[in-house]
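Presented below is the structure to which this report refers.
In the working numbering, the protein residues as written are 26 to 79.
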């Protein structure tokens, strides 16, 4: 019997310093929250972005 696929959920990456939602990604549900260093256009440098659900 085939296993069901895990559904992807839409997640926004929010800048810690400015609070801007700069990136939108799809990831599998569950697991730990993402904490990724990405480029912030407003500050024009790389900052830490946290996961926030839609």
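C-beta: ideal position from N, C-alpha, C; glycine also. This one's a predicted model, so the numbers in the text were calculated from it and none came from an experiment.
Going by beta-carbon coordinates alone, are residue i and residue j separated by less than 8 angstroms?
i, j, result
"residue 39", "residue 74", "yes"
"residue 67", "residue 49", "no"
"residue 79", "residue 37", "yes"
"residue 52", "residue 34", "yes"
"residue 30", "residue 54", "no"
Using CA coordinates, which residue listed in the options is at the minimum distance from residue i?
i, options, result
"residue 57", "29, 76 and 30", "76"
"residue 61", "55, 69 and 47", "47"
"residue 65", "55, 45 and 59", "45"
What residues are listed by DSSP as bridge partners for residue i?
i, result
"residue 77", "37"
Next item on the list: Within the segment 37-75, note down every full beta strand (DSSP E) run reaching 3 residues or more, in order along the chain.
Entry: 46-53 and 60-65
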